[in-house]
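Structure first, commentary second.
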Amino acid sequence: MRIGVITFPGSLDDVDAARAVRLAGAEPVALWHADHDLKDVDAVILPGGFSYGDYLRAGAIAARAPLMQDVVDRARSGMPVLGICNGFQVLCEAGLLPGALTRNGHLHFRNRDQALRIERADTAWTHDYEAGQRIVVPVKNGEGRYVAAPADLDRIEGEGRVAVRYVEGNPNGSMRDIAGVTSADGRVVGLMPHPEHAVEDLTGPSTDGLGFFTSVLKAMVSA
Amino acid sequence: MWPRRGRVGDGTGQRGSVGSLTRAARSGVRHPGTLDRVPRVVVDVVLKPEISDPQGQAVLGALGRLGHDGVRSVRQGKHFVLEVEGTPDRAELQQIAETLLANPVIEDVELHLPTD
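The listed protein sequences correspond, in order, to chains A and B.
Going by numbering that gives the first Met the number 0, the residue at position 143 of the first sequence is 142; the numbering climbs one at a time, nothing skipped.
Going by numbering that gives the first Met the number 0, the residue at position 104 of the second sequence is 103; the numbering climbs one at a time, nothing skipped.
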């Protein structure tokens, strides 16, 4: 199994994402934003960081990178894509996921271990969890407040598109405590918290994050 | 501290020259001392009314602390000035505004062409 990790100018967590892929038992493949080459990967991860310095809007310029056109095309035909933090922002800007991420409600950068509830355990990236399961992974963002117009939020909730929700405190004012959402087909998932930072006892608050990276292996086998 | 940006081509980098560049840009002149008029298009990007604006609220709070109690609301947005070749194409500019300058999920755009 080959899982690509895209590096944009300003990506920070691409190495950690690749490490999580390796710990999950797959082969990480480094991808470069300016190429038009997905290198025959089976799935793609968009890592955290500050692509293009968050200029214009977080993720806005990265969403128009050459390789993202290939990602959008492949995602629409079912390739699993996971966006973490800045990667989530890129997926929303690229139109693969609904809603938008904006400046935290309290206007401060927030960095802490965060409890989450898995709302959907039937996406390509969350198969290895139970619906309703509580996990703890780091969250670290300045523009992580999930927003959409109230009518759009109702539709997102009604369609079961909320994949992960903040519990025991909302770190950034995200509407309806939404931490992550999924595409209608469950193949594209984006979330602000960082599962790739919670894959080893030595460095993370838990190993709860590993499930995202093991889940997709089974999703690709069954696909 | 981030390094200061914006020491543009004229090599002066003085505060005064920034002001004169701004005045030159306002009058549609590409560089000081030339008469090369370039059409300017202004795109204002504002948050949709139903999207809350914590940055605007922080500005409003600061105004209150400064004694400006008469300001009831502040909404913060972005202001783009585009210099374009030839006659501005409204349809193309609208597309530029809606596909890159603004995120239509949360923002509205206002286009101001020289002919407006």
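Note that CB positions come from ideal geometry on N, CA and C, so glycine has one too.
Put simply, the CB of GLN54(B) is near chain A, with a gap under 9 Å to one of its CB atoms.
Annotated three-state conformation of PHE79(B) is strand, per DSSP. SER51(B) and ASP107(B) have their alpha carbons spaced roughly 14 Å apart. Neighbourhood of PRO149(A) in chain B, by CB distance below 9 Å: GLU49, in chain order. For chain B, none of the residues of the stretch 166-196 of chain A brings a beta carbon within less than 7 Å of one of its beta carbons. In the structure shown, ASN169(A) falls within a coil segment according to DSSP collapsed to helix, strand and coil. With its beta carbon less than 9 Å from one in chain B, HIS105(A) belongs to the interface. THR206(A) is outside the set of residues whose beta carbon lies under 9 Å from a beta carbon in chain B. Per DSSP, ASP72(A) lies in no beta strand (DSSP E); the unbroken alpha helix (DSSP H) holding it starts and ends at 65-75. For the 9 Å CB-CB criterion, HIS193(A) and GLY210(A) do not form a contact.
With its beta carbon less than 9 Å from one in chain A, VAL104(B) belongs to the interface. If you check the CB distance, VAL20(A) and LEU45(A) do not come in under 9 Å. The Cβ neighbour count for GLU92(A), taken over all protein chains shown within 10 Å, is at least 16; the residue is labelled buried.
DSSP, reduced to helix, strand and coil, places PRO149(A) within a helical segment of the structure shown. Where ASN85(A) is concerned, there is no enclosing beta strand (DSSP E), although the alpha helix (DSSP H) around it starts and stops at 85-92. Within its own chain, the residues whose Cβ lies closer than 6 Å to the Cβ of ALA99(A), once the five positions on either side in sequence are excluded, are CYS91 and VAL146, listed in chain order. Using a Cβ-Cβ cut-off of 9 Å, PRO46(A) does not count as an interface residue toward chain B, since no Cβ of chain B sits closer than that to its own. DSSP links PRO137(A) through a beta bridge to ASP112(A). When secondary structure is reduced to three states using DSSP, PRO27(A) falls in the strand class. The criterion of a C-beta distance shorter than 9 Å is satisfied by ASN85(A) and GLY9(A). With respect to HIS107(A), GLY143(A) sits apart: the two C-beta atoms are not nearer than 9 Å.
GLU91(B) has its alpha-carbon roughly 46 Å from the corresponding atom of ALA130(A). For VAL58(B), the uninterrupted alpha helix (DSSP H) run begins and ends at 53-64, by DSSP. Counted as a single uninterrupted DSSP element, the beta strand (DSSP E) harbouring GLU109(B) occupies residues 106-111.
Of all residues in the stretch 60-73 of chain B, none places a beta-carbon less than 9 Å from a beta-carbon of chain A. The secondary-structure analysis by DSSP pairs ILE95(B) with nothing; it has no beta-bridge partner.
The Cβ-Cβ distance between ALA114(A) and GLY168(A) falls below 9 Å. Looking only at ALA183(A), ASP184(A), GLY77(A) and GLY82(A), the smallest Cα-Cα distance to ALA62(A) is reached by GLY82(A). Contact annotation: the stretch 37-56 of chain B touches the stretch 80-91 of chain B, with at least three C-beta pairs closer than 8 Å. Listed by position along chain B, the residues whose Cβ is nearer than 9 Å to that of ARG63(A) are THR98 and LEU99. Distance from the Cα of GLY76(B) is smallest, within the candidate group ALA74(A), ALA197(A), THR101(A) and GLY77(A), for THR101(A). When DSSP states are grouped into helix, strand and coil, THR181(A) belongs to the strand group. Pairing VAL104(B) with ARG175(A), the inter-Cα distance amounts to about 17 Å. Under the three-state reduction of DSSP output, ARG89(B) falls in the helix class. In terms of Cβ geometry, VAL180(A) and GLY189(A) form a close pair [threshold 9 Å].
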